[in-house]
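The structure appears below as structure tokens.
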Amino acid sequence: MIERVLRAIRLLSMAAWVGGLAFFAFVLAPVAFHRLPSAHEAGLVVGGTLVILHWIGLIGGALFCLATVILWFRAEVPARIGFAMGISLTTLMLLITAYSQFRILPAMEQDRIAAGGDIETADIESPARVDFERLHVWSERLEGFVFFCGVGVLLVLARESQWPETGRIKRYDP
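Below, the structure is given as structure tokens:
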């Protein structure tokens, strides 16, 4: 029973994180920048949404790692390889997401404020706008990398269900 709950937690947390990243990149951001009256308003929506998405990822990733570690300790050796791959990728995702949340986004916000509140109206050569644009490129690249790592984790999870012997839990018979 506990194994099923832990596996469900793993699947739900990773699906929510990766699904959120996909929705953000392929639906929310494009719609915001094409439908809202200004890039400034779209940026406020996208930036605010990204903060929430990061928290979903940080909490979901932590739950994923916790559930996976518990399964790892209960598993036979072949299953531990898959669990270790999932934990490794998820840890990388967590580190990048935390870096983006606590370093990149605050720096972008400082640049936006330094540019007068609206980055689009700032001079194209102003230091604040140049730095904002540089950080924006890094933010996009890192989010994309996190997304593809998450797809990798989902593939590892799918492999577990295809080859049950790799996910077998040790049975303790008295």
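Going by our numbering, the sequence shown opens with residue 13, and the numbers climb by one from there.
From the three backbone atoms N, C-alpha and C, an ideal C-beta is built for every residue, glycine too.
Residue i, buried or exposed, once every other Cβ within 10 Å from all chains shown has been counted against 16
i, result
"His66", "buried"
"Val63", "exposed"
"Thr109", "buried"
"Met26", "buried"
"Leu167", "exposed"
"Gly129", "exposed"
"Ile93", "exposed"
"Phe114", "exposed"
"Glu88", "exposed"
"Glu172", "buried"
"Ile14", "exposed"
"Asp123", "buried"
Enclosing alpha helix (DSSP H) for residue i [first to last residue]
i, result
"Thr103", "Val89 to Tyr111"
"Ser25", "Ile14 to Phe35"
Three-state secondary structure (DSSP) of residue i
i, result
"Glu137", "coil"
"Ala127", "coil"
"Leu48", "coil"
Beta carbon of residue i nearer than 7 Å to that of residue j
i, j, result
"Leu18", "Leu107", "no"
"Ala74", "Val57", "no"
"Val158", "Met105", "yes"
"Ala140", "Ala119", "no"
"Thr80", "Ile68", "no"
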